[in-house]
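Undergrad: Protein chains in written order, with our numbering: chain A, 3 to 142; chain B, 3 to 142.
Take this structure first; my questions come after.
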């Protein structure tokens, strides 16, 4: 059976190791939306041996830390769902009080429209953020 | 400012340590919905020092493991959002292909009605699961 996270990066590739990769999700409503994707095809976080679980979460923590330092979001949202694509990946999303869904989860009801220039301003900050992330991830 | 996860357990208490607690969320649509709540009031997972982050995630892994062993869910969903209650807590939810929202996130669009007796059958299994969880958590 074909799996889109086996076949493709799953977004804009920020950094890759032999075990995992960090991608930017290119979501129209949530520009600062990253994913940490385990390279091998496993469905559940606890399918990994404990050292790999920990390595994955330490990578999630690095992504969260850089997002907080650079963007000062209202809240970080973390999730590992995989109901549609059961290939282990963690969502790391910078949420803002004036984003389209806050305080709802991004999967919940939309609460407001966001001006295109506001989304674009956030989008413009992301190439520098991607570079900062790649630096932090490579330094480990 | 008052915080409901400072003031209350936040659900049916399954187990508590000096650092954290595990509660069952008592959600009408998703009976097998647990939360690991950090006792102290911090907003973000990376507000914790790395050993506490790891301790918290190892507890999440134990809850996930017991849910998988006892219930054999279609998928485990993990999330730390906290947009409404910014007091660090992890959702650990056993999802089933025939639950009301699958494969949508529980915060997304409802896709089907579930027979009350199907929900009750799952609910009936949970006191034994709570006891198994408490045993695993206490043994650590």
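Quick reminder that beta carbons are idealized off the backbone N, C-alpha and C, glycines included.
Since the structure is predicted, the reported quantities are computational estimates derived from the model, not experimental observations.
1) Drop a sphere of 10 angstroms on the beta-carbon of residue 9(B), count the other beta-carbons inside from all chains shown, and report buried for 16 or more, exposed for fewer.
2) From the beta carbon of residue 59(B), is the nearest beta carbon of chain A less than 8 Å away?
3) Taking the alpha helix (DSSP H) that residue 128(B) belongs to, which residues open and close that run?
4) By the criterion of Cβ-Cβ separation under 7 Å, what are the contact partners of residue 110(B) in chain A?
5) Helix, strand or coil: how does DSSP classify residue 4(B) here?
6) Can you round the beta-carbon distance between residue 93(A) and residue 40(A) to whole angstroms, since I take them to be within the 8 Å contact cut?
7) So which residues of chain A does residue 86(B) contact, with C-beta pairs closer than 7 Å?
8) For the beta strand (DSSP E) containing residue 64(A), name the first residue and the last one.
9) Would you please verify whether the beta carbon of residue 21(B) is less than 8 Å from any beta carbon of chain A?
10) How would you write the range of the beta strand (DSSP E) that residue 37(A) sits in, first residue to last?
11) Please compile the residues from chain A whose C-beta is within a distance smaller than 8 Å of the C-beta of residue 56(B).
12) Closer than 8 Å between beta carbons: that is the criterion. Which residues of the segment 35-53 of chain B meet it against chain A?
13) Is the Cβ-Cβ distance between residue 17(A) and residue 140(A) less than 8 Å?
14) Return helix, strand or coil for residue 123(B), following the three-state DSSP convention.
15) Between the segment 64-94 of chain B and chain A, which residues of the former have CB atoms less than 8 Å from a CB of the latter, in chain order?
16) Taking Cβ positions only, does residue 97(A) come closer than 8 Å to chain B?
17) Would you grab the beta carbon distance between residue 26(A) and residue 132(A) for me? Rounded to a whole angstrom, and I think it's under 8 Å.
18) Might you give, ordered along the chain, the residues of its own chain that have their beta carbon closer than 7 Å to the beta carbon of residue 33(B), omitting 5 neighbours on each side?
19) Give the range of the beta strand (DSSP E) segment to which residue 89(B) is assigned.
TA: Inspection of the coordinates gives the following:
1) Classification of residue 9(B): exposed, given that the 10 Å Cβ count is below 16.
2) Residue 59(B) counts as touching chain A.
3) Boundaries of the alpha helix (DSSP H) harbouring residue 128(B): 128-140, taken from the DSSP string.
4) Residues of chain A passing the Cβ test: 109 and 110.
5) Three-state DSSP puts residue 4(B) in coil, outside helix and strand.
6) Incorrect: roughly 13 Å between the Cβ atoms, too far for contact.
7) Within chain A, the C-beta atoms nearer than 7 Å to that of residue 86(B) come from 105, in chain order.
8) According to the DSSP assignment, residue 64(A) belongs to no beta strand (DSSP E) but to the alpha helix (DSSP H) extending over 52-73.
9) No - not a single Cβ of chain A is within 8 Å of the one on residue 21(B).
10) First-last of the beta strand (DSSP E) with residue 37(A): 35-40.
11) Think of a sphere of 8 Å around the beta carbon of residue 56(B): the chain A residues whose beta carbon falls inside it are 56 and 59, in chain order.
12) If the cut-off is 8 Å between Cβ atoms, the segment 35-53 of chain B has 45, 46, 47, 48 and 52 near chain A.
13) With contacts defined as CB atoms closer than 8 Å, residue 17(A) and residue 140(A) qualify as a contacting pair.
14) The answer is helix: DSSP assigns residue 123(B) an H, G or I state.
15) Cβ contacts with chain A: 66, 67, 70, 76, 77, 78, 79, 80, 81, 82, 83, 84, 85, 86 and 88.
16) Yes, because at least one Cβ of chain B sits closer than 8 Å to the Cβ of residue 97(A).
17) Contact between residue 26(A) and residue 132(A) holds: their C-beta atoms lie close to 6 Å from each other, under 8 Å.
18) Counting only Cβ-Cβ distances below 7 Å, and skipping sequence neighbours, we find 121, 124, 125 and 128.
19) Looking at the DSSP string, residue 89(B) is not in any beta strand (DSSP E), and its letter there is neither H nor E.
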